[in-house]
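*Asks:*
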Ligand code: GLA
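Put into structure tokens, the structure is as follows:
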């Protein structure tokens, strides 16, 4: 890892363990992108910007700047000055004039990585682990400073970028668009990958040929959303899990975003990620600075699998925090799918008693424990225990659960208020709303305007009081609707465009307080399943509920898309009952356990109603979880087969960092008749070492397992939805 500035070629070189990133200055002032890819030695690469090697020969004729601006591979480009491509920065002045042109002014290179103001971001664990470059640019016409920040790490091939804009002039300026990263890619045949879905079907992998013009994933829902994801990857055409180039970007942010490519007519490509400019406008007064969220850039020269493992390592080591960062999480039972709103203390204790006998370590009480919450039509905001359901309150319930040797966790949806609630009746103006327009309910609820200090303080005081009232060791923080009808009592008209971002900052403020005041708490974020599963939330909670769809077969796809970026240790996954409540599908209990095991693992069912056969399987699954979770949490993840793309089976494995142990999972999704065997080529093993696979009773070298693969006879499968998890151990 290193960052270096070459005076002679006026270029910046950023080196990660296996990648290089280069940008440079042209005409003494324009910052251009030169190279991002496989590691190179520092050398003069200015020809890649279409200019001479010697900066003294730069001569951008001012009569011709338009041609230059619309073609130059800007490191970060500006709207309004004759660059007609998608721009990274769009600003207007109080006179209403758009445009900026920021020129190089100075730079600094230093050890470590500064925090981002009010925003989650990756961090280094000690100063020597990373190095940062900050390039300062300046627009003299509107007295605006732009700082482009880049951090490289010693142990992972990621580059973390962010942008700050400062108004140094005497009049306000308005930021209409501030991308967190802008990446110029040279002509090639590319594919583009984004993640899309809906409630219950999050993060489906969507891949297509990169088109001319815009290809965009976006959210304007106030959350990162089920529908799209703050991620984009540009890959060489047909890049696979193991080969091809990948340029990926992920935004450490939980609100409106765009992630897009602009396929240019000169066949080059621009890739960008940042806050969605639609509905965004930030007013900057003199001396104020705006910090855009952090973008993570990953380059892999060895296909998507390598990209995935880089993100996993970065997030496990430099984003996720807290007590449970590197620890096994308690096996939990959440009663949501067991009872929905129909429960009381006795029912919960019945469930807890059976659960504790099976080795389950925590009971999570979900929605329905407060106010008049007998269904989802009312009471959000009234965070007072419903003593009709829970006589003796939380204290009694939690102490009884603790007596069973189990921990206790609780559900909240702190950002919300129902029209039918005491809170709303007392403070109707606390809901986000546009005066005189009928407010839109979604799931019979409004969103609280937590950008207002008094509302934020109410929310914080409510959550805090509940957590102080009993021995609560886990919180599921839910968020079940999108934001619309944007209006806020405290914001003047010229600041309404700040609302969405201010809302996200308020969520971060609340979650920051929570993890600071309750450092031993295990926090799991959630948003109608996985509607806010993003790196911003991972900074606060080491795990996020991945989807309300708990059907194990559906989960294969959802968890595959999620694990494309996020470590398995962060993916909330539970075993639920069959027929599944959403899909009606029945899958063997064993298979449900195998699939949930490659996430956080837990149960979401009425354990008191299980068949004896299923019940007996739970202690075995819990035992497996304890035996394998270290490997699942810390190992390298390899995607071997996706059932949508092959003969109907899914397969993935996790390999320990020292390549001495591995776990191989296979699920037969669509049983294939008259088929000799499923062939699986393993990955990630040491080619020269010998491995033992107890289930196959065979000893083979890593190269044989990876190049020749293993044949799993089809009859083994015995029908749809059968699965196995096999251990693989290196021979000593
Ligand atoms: C959301 C969550 C579920 C559950 C319900 C409760 O849908 O994703 O897991 O907590 O809310 O209302």
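Residue numbers (the working numbering): 3 to 734.
Ideal Cβ positions, reconstructed from N, Cα and C, are used throughout, including at glycine.
Is it a yes or a no for the stretch 551-569 touching the stretch 505-523, going by three-plus beta-carbon pairs under 8 Å?
*Replies:* No, they do not touch.
*Asks:* Just to confirm the assignment, what range does the alpha helix (DSSP H) spanning residue 285 have?
*Replies:* Along the chain shown, read from residue 1 onward, the residue named residue 285 stands at position 283. Residue 285 -> not in any alpha helix (DSSP H); beta strand (DSSP E) instead, spanning 284-286.
*Asks:* Is residue 482 close to the ligand GLA? I mean its beta-carbon at under 7 Å from any heavy atom of the ligand.
*Replies:* Translated into positions along the chain shown, residue 482 becomes position 480. Yes, since a heavy atom of the ligand GLA falls inside the 7 Å radius drawn around the Cβ of residue 482.
*Asks:* Indicate whether the contact test is met: 3 or more Cβ pairs, each with one atom in the stretch 171-190 and one in the stretch 78-98, closer than 8 Å.
*Replies:* In short, these stretches touch, since the Cβ pair count reaches three.
*Asks:* Looking at the strands, I want to know which residues DSSP matches up with residue 216.
*Replies:* For the purposes of this step, residue 216 is taken as residue 214 along the chain shown, with counting starting at 1. The partner list for residue 216 (beta bridge, DSSP) reads 264.
*Asks:* With a cut-off of 8 Å on the beta carbons, I'd call residue 309 and residue 261 a contact; round off their distance for me.
*Replies:* For the purposes of this step, residue 309 is identified with residue 307 of the chain shown, where counting begins at 1. For the purposes of this step, residue 261 is identified with residue 259 of the chain shown, where counting begins at 1. Residue 309 to residue 261, Cβ: 15 Å. No contact.
*Asks:* Return the first residue and the last residue of the beta strand (DSSP E) that residue 183 is part of.
*Replies:* Counted from its first residue, the chain shown places residue 183 at position 181. 175-187 is the extent of the beta strand (DSSP E) around residue 183.
*Asks:* Are the beta-carbon atoms of residue 192 and residue 212 separated by less than 8 Å?
*Replies:* Indexing the chain shown from 1 puts residue 192 at position 190. Indexing the chain shown from 1 puts residue 212 at position 210. Yes.
*Asks:* Taking 7 Å as the cut-off, does the CB of residue 528 come closer than this to any heavy atom belonging to the ligand GLA?
*Replies:* For the purposes of this step, residue 528 is identified with residue 526 of the chain shown, where counting begins at 1. Yes, Cβ of residue 528 sits closer than 7 Å to a heavy atom of the ligand GLA.
*Asks:* Is residue 199 near the ligand GLA, in the sense that its beta carbon is under 7 Å from a heavy atom of that ligand?
*Replies:* Position 197 of the chain shown, counted from the start, is the residue given in the question as residue 199. No, since every heavy atom of the ligand GLA falls outside the 7 Å radius drawn around the Cβ of residue 199.
*Asks:* Using three-state DSSP, classify residue 1 as helix, strand or coil.
*Replies:* Residue coverage of the chain in this structure runs from 3 to 734, which leaves residue 1 outside it and unanswerable.
*Asks:* Is the closest heavy atom of the ligand GDP to the C-beta of residue 531 under 7 Å?
*Replies:* Absence of the ligand GDP from the depicted structure is noted, with the ligand GLA being the only ligands included.
*Asks:* Is the beta carbon of residue 371 within less than 7 Å of some heavy atom of the ligand GLA?
*Replies:* Your numbering for residue 371 matches position 369 in the chain shown. It does not: the Cβ of residue 371 is nowhere closer than 7 Å to a heavy atom of the ligand GLA.
*Asks:* Assuming residue 618 is part of the alpha helix (DSSP H), what are its boundary residues?
*Replies:* By 1-based counting over the chain shown, the position of residue 618 is 616. Note, residue 618: alpha helix (DSSP H), 614-636.
*Asks:* Cutting at 6 Å between CB atoms, please list the residues of its own chain near residue 725, excluding the five before and the five after it.
*Replies:* To locate residue 725, count along the chain shown from 1; it is residue 723. 593, 596, 669.
*Asks:* Between the C-alpha atoms of residue 493 and residue 232, what's the straight-line distance to the nearest angstrom?
*Replies:* Along the chain shown, one-based indexing puts residue 493 at 491. Along the chain shown, one-based indexing puts residue 232 at 230. Straight-line Cα distance between these residues: approximately 27 Å.
*Asks:* Residue 227 by DSSP, collapsed to three states: which one?
*Replies:* Position 225 of the chain shown, counted from the first residue, corresponds to residue 227. Correct three-state label for residue 227: coil.
*Asks:* Grouping DSSP H, G and I as helix and E and B as strand, with all else coil, what is residue 133?
*Replies:* As a working note, residue 133 is residue 131 in the chain shown. Strand at residue 133.
*Asks:* Output the distance between the C-alpha atoms of residue 132 and residue 123, rounded to the nearest integer angstrom.
*Replies:* Numbered from 1 along the chain shown, position 130 holds the residue referred to as residue 132. Numbered from 1 along the chain shown, position 121 holds the residue referred to as residue 123. Cα-Cα distance, rounded: 14 Å.
*Asks:* Between the stretch 324-341 and the stretch 362-381, are three or more C-beta pairs nearer than 8 Å?
*Replies:* Contact between the stretch 324-341 and the stretch 362-381 is present, because at least three Cβ pairs lie under 8 Å.
*Asks:* Look up residue 327 in the DSSP assignment and say whether it is helix, strand or coil.
*Replies:* Mapped onto the chain shown, residue 327 falls at position 325. Coil, per DSSP.
*Asks:* Check whether the stretch 208-226 touches the stretch 461-470, taking contact to mean three or more Cβ pairs, one atom from each stretch, closer than 8 Å.
*Replies:* Result no; under three Cβ-Cβ pairs closer than 8 Å.
*Asks:* Are residue 752 and residue 412 close, meaning C-beta to C-beta below 8 Å?
*Replies:* Only positions 3 to 734 of the chain appear in the structure, and residue 752 is not among them; the question remains open.
*Asks:* Considering residue 319, what are the terminal residues of the alpha helix (DSSP H) in which it resides?
*Replies:* Sequence index remark: in the chain shown, residue 319 carries index 317 (1-based). 305-320 is the span of the alpha helix (DSSP H), which, as asked, contains residue 319.
*Asks:* Is residue 368 near the ligand GLA, in the sense that its beta carbon is under 7 Å from a heavy atom of that ligand?
*Replies:* Counted from its first residue, the chain shown places residue 368 at position 366. Under cutoff, so the answer is yes.
*Asks:* What is the rounded straight-line gap between the Cα of residue 630 and the Cα of residue 661?
*Replies:* Taking the chain shown and counting its residues from 1, the one referred to as residue 630 is at position 628. Taking the chain shown and counting its residues from 1, the one referred to as residue 661 is at position 659. Cα to Cα, residue 630 sits roughly 15 Å from residue 661.
*Asks:* Output the residue ranges of the alpha helix (DSSP H) runs that lie fully inside the stretch 62-134 and measure 4 residues or longer, sorted by chain position.
*Replies:* DSSP runs (the alpha helix (DSSP H)) wholly in the stretch 62-134: 67-71.
*Asks:* State the Cα-Cα distance for the pair residue 224 and residue 210, rounded to the nearest angstrom.
*Replies:* Taking the chain shown and counting its residues from 1, the one referred to as residue 224 is at position 222. Taking the chain shown and counting its residues from 1, the one referred to as residue 210 is at position 208. So the alpha carbons of these two residues sit roughly 27 Å apart.
*Asks:* Indicate, with yes or no, if the ligand GLA has a heavy atom lying under 7 Å from the CB of residue 378.
*Replies:* For this step, residue 378 is matched to residue 376 along the chain shown. For the ligand GLA, at least one heavy atom lies less than 7 Å from the Cβ of residue 378.
*Asks:* Beta-carbon separation of residue 166 and residue 149 under 8 Å?
*Replies:* Start at 1 with the first residue of the chain shown, and residue 166 comes out as number 164. Start at 1 with the first residue of the chain shown, and residue 149 comes out as number 147. Cβ distance < 8 Å, so residue 166 and residue 149 count as in contact.
*Asks:* What runs of the alpha helix (DSSP H), each 4 residues or longer, lie entirely inside the stretch 551-595?
*Replies:* Within the stretch 551-595, the complete alpha helix (DSSP H) runs of at least 4 residues are 554-565.
*Asks:* In the DSSP assignment, what are the bridge partners of residue 193?
*Replies:* As a working note, residue 193 is residue 191 in the chain shown. In the DSSP output, where bridge partners are listed per residue, residue 193 has 211, 237.
*Asks:* Contact between the stretch 476-484 and the stretch 523-530 is defined here as three or more beta-carbon pairs at a separation below 8 Å; is this criterion met?
*Replies:* Contact between the stretch 476-484 and the stretch 523-530 is present, because at least three Cβ pairs lie under 8 Å.
*Asks:* Within the continuous beta strand (DSSP E) that includes residue 35, where are the two ends?
*Replies:* On the chain shown, position 33 is the one that residue 35 refers to. Looking at the DSSP string, the run of the beta strand (DSSP E) that includes residue 35 is 32-40.
*Asks:* Going by alpha carbons, who is nearest to residue 398 out of 347, 441, 442, 438?
*Replies:* If you number the chain shown from 1, residue 398 lands on position 396. It is 347.
*Asks:* Specify the secondary structure class of residue 255 as computed by DSSP and reduced to three states.
*Replies:* For the purposes of this step, residue 255 is taken as residue 253 along the chain shown, with counting starting at 1. If DSSP states are grouped into helix, strand and coil, residue 255 belongs with coil.
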